[in-house]
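To start, the structure under review is shown below, and the notes come after it.
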Amino acid sequence: MNAYRAKPLRYPWPPMLYLTGIAAAMLAGRIAALAPIPSPHPMMMPAAGLAIGLLAVTLDIWAVRTLMERQTPVIDSACARHLVTCGPFRFSRNPIYLAYTLFTVALGLISGNSWFFLAALISVTATRLVAIPSEERHLEARFGFDYERYCKRTRRWI
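Structure below.
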């Protein structure tokens, strides 16, 4: 298979999947609020959410910066120029998607809206089914054995 013909995605689905999940969780929280998240202290969950949100934003910036430094497109619909295995990509093959998931969970903890947890789960599943298989086919076609070796030593999420 020609590596350039095996583009990862025609449309950048993952950001749209997570944004749709976040919007749906906000709407669902207004229409049918679920039971609040139990907490021994009223500020414990928002503080944890803020910490997780900060971690998510830091991870996302680190991953995007690593891709840009290696002259590799950040947008999923473009052809990969280099196999990036450094920075956060040493620990996760999908650190940006991991950051999106953590950020969605953080919004749930900060707002006390349990719908965000369901949105995170649905977004992860949709990303896993819609985006990741075509991205992995593209990277395998483009980088072959090097990508296979990378997959063996680096987990997909964490």
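Everything in the sequence shown is counted per the numbering used here, starting at 37 for the first residue and increasing by one.
All C-beta atoms in this analysis are idealised placements derived from N, C-alpha and C, irrespective of residue type, glycine included.
Nearest residue (CA-CA) to residue i, options the options
i    : options                   : result
L95  : P76, H118, S128 and I146  : S128
A155 : Y133, T163, G57 and P76   : G57
R66  : A177, L119, S147 and Y133 : S147
Y186 : T121, M81 and L138        : T121
Y47  : R126, D182, V110 and L138 : V110
S159 : S170, A114 and L138       : L138
Buried/exposed call for residue i, threshold 16 Cβ in 10 Å
i    : result
E184 : exposed
L53  : buried
T140 : buried
R191 : exposed
A68  : exposed
L103 : buried
L165 : exposed
C-alpha gap between residue i and residue j, whole angstroms
i    : j    : result
A64  : W151 : 7 angstroms
Y136 : L175 : 21 angstroms
R178 : V100 : 20 angstroms
P7   : P124 : Since the first residue of the chain shown is 37 and the last is 194, residue 7 is not available in this structure.
P76  : L55  : 31 angstroms
R117 : M80  : 44 angstroms
L119 : N130 : 13 angstroms
L145 : L157 : 15 angstroms
I194 : Y133 : 11 angstroms
Reduced DSSP secondary structure (H/G/I, E/B, other) of residue i
i    : result
I194 : coil
V120 : coil
T137 : helix
R66  : helix
I58  : helix
R178 : helix
T161 : helix
V166 : helix
Chain-order list of residues whose beta-carbon lies under 8 angstroms from that of residue i (same chain, five-residue window excluded)
i    : result
L143 : I58, A61, G85, G89, N149 and F152
Contacts around residue i, its chain only, beta-carbon distance under 7 angstroms, and the 5 residues preceding and following it disregarded
i    : result
A162 : L53
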